[in-house]
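Undergrad: Residue numbers (the working numbering), protein chains in the order written: chain C, 1 to 139; chain A, 1001 to 1139. Backbone N, C-alpha and C define an ideal beta-carbon position, used for all residues, glycine too.
Protein chains: 2
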Amino acid sequence: MSVDDLLRNHGLKKTTTRKQVLDIYLNTDHALAVADVEEALGDGVDRVTLYRTMGTFEEKGLLHKVYDDDGKLKFSLCSSDCSSHQHHDNHLHFHCRKCGKTTCIENVAVPEVEGLEGFDIQDVYMVANGTCKDCIQAA
Amino acid sequence: MSVDDLLRNHGLKKTTTRKQVLDIYLNTDHALAVADVEEALGDGVDRVTLYRTMGTFEEKGLLHKVYDDDGKLKFSLCSSDCSSHQHHDNHLHFHCRKCGKTTCIENVAVPEVEGLEGFDIQDVYMVANGTCKDCIQAA
DNA sequence: TCCTTAATGAAACATTGTTGCATTTAACTT
DNA sequence: AAGTTAAATGCAACAATGTTTCATTAAGGA
Ligand SMILES: [Mn+2]
Ligand SMILES: [Mn+2]
Ligand SMILES: [Zn+2]
Ligand SMILES: [Zn+2]
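Next comes the structure, spelled out in structure tokens:
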């Protein structure tokens, strides 16, 4: 889907910054932090605007949060059925300790949690840490 | 096990601050951030010392890191078989969005990850978010 | 008790994220 | 196409979290 369509479908105004940010995510295969996007845009856009842009994208279901080993916040594109009402990104994530990249493993679902009687589970986050394919091959 | 024994068994000097910090963790059933410990100690101990203390405890296998929903870093007591060589805290964690407490669910193991051929998985972190027992009862 | 090394305190700094307010711009109305 | 309005942006100031350097203090062994 195009950048313009994605923005319209999620009820967002079509601004220059939003189109640029979304374009970056569409052309990257791993999660990006605010600082990464800031660097990719090479100045010209205020840091605060990026924080607000990513926040809005997360609220509206365009991006979902990803945390790596060190609690560093990154964002990844959501699957097509995420909206402002609900996220459906219950897949595994992989964080490579060599290259630092965090990737969505869309085809591995987070397993159901058993044995937690008395708790109300809303969602489960799961991240595997280790060495990614690329870094193994490069070694 | 006593505070003194724990410190000795992990090869750590017995200082006032370390004993106080460890005592707090032994008497709390949920994970605590550096700021939480600082507040519990009520001044007198420098913030930097606490960061270093918790860092050392983590290295030596006395505490393990816990991240909640917002990437906030907390620490929890490790199971008895953690050491500076390796952590064995592969259990589920629960983060309550009402009270904010993060708890170790020692009796629920993190499931093995299937379907990740080509990756080298070192460890897996898993946290369930929702409402805890206490907050459900209080409602 | 003395000595050595590790632990601590203090200050300065870096990074990440938030808030208030003035200005600009997108989308809608006319 | 111009005008209107609410949302988005830029800027400055602030807050929270974490790190680094260096002088001082304290722990544990000799
Ligand atoms: Mn994902
Ligand atoms: Mn735990
Ligand atoms: Zn890698
Ligand atoms: Zn609760």
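#1: What is the DSSP secondary structure of C1135/A, reduced to helix, strand or coil?
#2: Are the CB atoms of A1031/A and T1131/A within a distance shorter than 7 Å?
#3: Hey, which unbroken runs of the alpha helix (DSSP H) at 4 residues or more fall wholly within the region 16–81 of chain C?
#4: Taking any Cβ of chain A, which residues in the region 19–40 of chain C have a Cβ under 9 Å from it, in chain order?
#5: Mapping DSSP to helix, strand and coil, what is L92/C?
#6: Under 6 Å Cβ to Cβ from D1068/A, same chain only, skipping five residues before and after it: list those, please.
#7: Can you name the residues of chain A whose CB is closer than 8 Å to the CB of N107/C?
#8: May I ask you to list, following chain order, the residues of the region 1122–1134 of chain A that have a beta carbon less than 7 Å from some beta carbon of chain C?
#9: If we define contact as Cβ-Cβ less than 7 Å, is L1073/A a contact residue for chain C?
#10: Taking Y1067/A as the query, report the chain C residues whose CB atoms sit under 8 Å from its CB, ordered along the chain.
#11: Measure the C-alpha to C-alpha separation of G11/C and C1099/A and round it to an integer number of angstroms.
#12: With DSSP as the reference, identify every bridge partner of C104/C, one or two as the case may be.
#13: So, with DSSP's three-state summary, where would you put V127/C?
#14: Check whether the Cβ of C1104/A sits closer than 6 Å to any heavy atom of ligand 2, and report yes or no.
#15: Residues around ligand 4, please: the ones whose beta-carbon is closer than 5 Å to some heavy atom of it, in chain order.
#16: Shortest alpha-carbon distance to L1026/A belongs to which of L1006/A, K1133/A, D1081/A and A1138/A?
#17: In this structure, what does DSSP give as the bridge partners for D1120/A?
#18: Would a C-beta distance cut-off of 7 Å place V1021/A and V1037/A closer than the cut-off?
TA: Quick look at the numbers:
#1: Along the second sequence, read from residue 1 onward, the residue named residue 1135/A stands at position 135. Reduced to three states, the DSSP call for C1135/A is helix.
#2: To locate residue 1131/A, count along the second sequence from 1; it is residue 131. To locate residue 1031/A, count along the second sequence from 1; it is residue 31. No; because the gap between Cβ atoms is not below 7 Å, this pair is not in contact.
#3: Within the region 16–81 of chain C, the complete alpha helix (DSSP H) runs of at least 4 residues are 16–26, 34–41 and 47–60.
#4: Contact residues of the region 19–40 of chain C toward chain A are absent (C-beta to C-beta distance below 9 Å).
#5: Translated into positions along the first sequence, residue 92/C becomes position 92. Three-state result, L92/C: strand.
#6: Sequence index remark: in the second sequence, residue 1068/A carries index 68 (1-based). Hits under 6 Å: H1095 and T1102.
#7: As a working note, residue 107/C is residue 107 in the first sequence. Near N107/C (Cβ distances below 8 Å), the residues of chain A are G1115.
#8: Contact annotation: in the region 1122–1134 of chain A, residues whose CB is within less than 7 Å of a CB in chain C are Q1122, D1123, V1124, Y1125, M1126, V1127, A1128, N1129, G1130, T1131, C1132 and K1133.
#9: As a first step, residue 1073/A is located in the second sequence; it is residue number 73 there, counting from the start. Cβ-Cβ to chain C under 7 Å: yes for L1073/A.
#10: Counting from one through the second sequence, the residue named residue 1067/A turns up at place 67. Residues of chain C passing the Cβ test: Y67 and G71.
#11: Here residue 11/C refers to the residue found at position 11 when the first sequence is read from its first residue. Here residue 1099/A refers to the residue found at position 99 when the second sequence is read from its first residue. If you take the alpha carbons of G11/C and C1099/A, they lie about 33 Å apart.
#12: One-based indexing of the first sequence puts residue 104/C at position 104. Looking at the DSSP assignment, C104/C forms a beta bridge with H93/C.
#13: The sequence position of residue 127/C within the first sequence is 127, counting from 1. Annotated three-state conformation of V127/C is strand, per DSSP.
#14: Looking up residue 1104/A in the second sequence gives position 104. At least one heavy atom of ligand 2 is nearer than 6 Å to the Cβ of C1104/A, so yes.
#15: C1096/A, K1098/A, C1099/A, C1132/A and C1135/A
#16: As a position in the second sequence, residue 1026/A is number 26, starting the count at 1. Checked all of L1006/A, K1133/A, D1081/A and A1138/A; the closest Cα to L1026/A is L1006/A.
#17: The residue given as residue 1120/A occupies position 120 in the second sequence. According to DSSP, which records beta bridges pairwise, D1120/A is partnered with T131/C.
#18: Working through the second sequence from its first residue, we reach residue 1021/A at position 21. Working through the second sequence from its first residue, we reach residue 1037/A at position 37. Yes, they are a contact pair.
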